[in-house]
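Q: Take this structure, written in structure tokens, and hold onto it; I'll ask about it next.
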Amino acid sequence: MPHTVRRPHMSEPVSTSAGARPATGSARPRRAVHIALWVLQVLTGLFFVVASALPKLTASPHAVEIFERMGAGPGLMYTIGVLELAGGIALMVPILAGLAGVCFVGLMIGAFVVQAAFLGGENLATPVILGAIAAAIAWGRRRSLGDLARLARVRRG
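Count along the sequence shown from 1, add 27, and you get the number used in our numbering.
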């Protein structure tokens, strides 16, 4: 009878009994990836909250100018600021991290289009880099999407 091993969830620590070694030797790389993802999530979340959402939510002159150049009013600026604030916080919540990553990919695609179409591409690399980081987080935390879907089904039913 084959022995199956339950893989730990992203929020569970990886541990083995004293002296035991994992059969594949992959526990350390998995743990390193888990830690690297957490660092990336926290740094990216802080960036979106502090450097991106707050200037929009406080109507900093630079943010207001950018939205005026796009021909958009303050409503869009505040809406995007709220989305960035919520997403930045969600990146630091284990069950929401994968969804936040997916949502930020979409937001960064929109930011790329806006940069190219309305702002002359002056900061075109920023949404590309942030979109790639968000995609890496979404991929690395993809199991949380299933967890979130199961939780939603349980709550609905």
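Backbone N, C-alpha and C fix where the C-beta goes; we use that ideal spot for every residue, glycine too.
1. The alpha helix (DSSP H) spanning R12 covers which residue range?
2. I want to know whether the region 72 to 89 touches the region 97 to 108 - three or more CB-CB distances under 8 Å.
3. Would you mind working out which of V69, S87 and I122 sits nearest R177, comparing C-alpha positions?
4. Just curious, the alpha helix (DSSP H) that L126 is in, first and last residue?
5. What would DSSP say about G108, mapped onto helix, strand or coil?
6. Taking all protein chains shown into account, decide if A138 is buried (16 or more other Cβ within 10 angstroms of its Cβ) or exposed.
7. Can you give the Cα-Cα distance for R180 and L146, rounded to whole angstroms?
8. Any contact between the region 149 to 162 and the region 60 to 78? By contact I mean 3 or more CB pairs, one from each, below 8 Å.
9. Look at the alpha carbon of G125 and the alpha carbon of P56, and state the distance between them as a whole number of angstroms.
10. With A127 and L134 assumed to form a contact (beta carbons below 8 Å), what rounded beta-carbon distance in angstroms separates them?
11. For a test of the three-state rule: what should DSSP assign to A80, helix, strand or coil?
12. By DSSP, does S87 sit in helix, in strand, or in coil?
13. As a quick exercise: from F131, Q142 and L151, pick the residue whose alpha carbon is nearest that of M97.
14. Which residues in the same chain have their Cβ closer than 7 Å to the Cβ of A165, if we skip the five residues on either side of it in sequence?
A: Let me lay it out:
1. Absent from the model: residue 12. The displayed extent of the chain is 28 to 184, so no value can be given.
2. yes
3. I122
4. A124 to F145
5. helix
6. buried
7. 42 Å
8. yes
9. 20 Å
10. Actually they do not touch by this definition, with Cβ atoms about 10 Å apart.
11. helix
12. coil
13. Q142
14. G125, G128, V129 and V132
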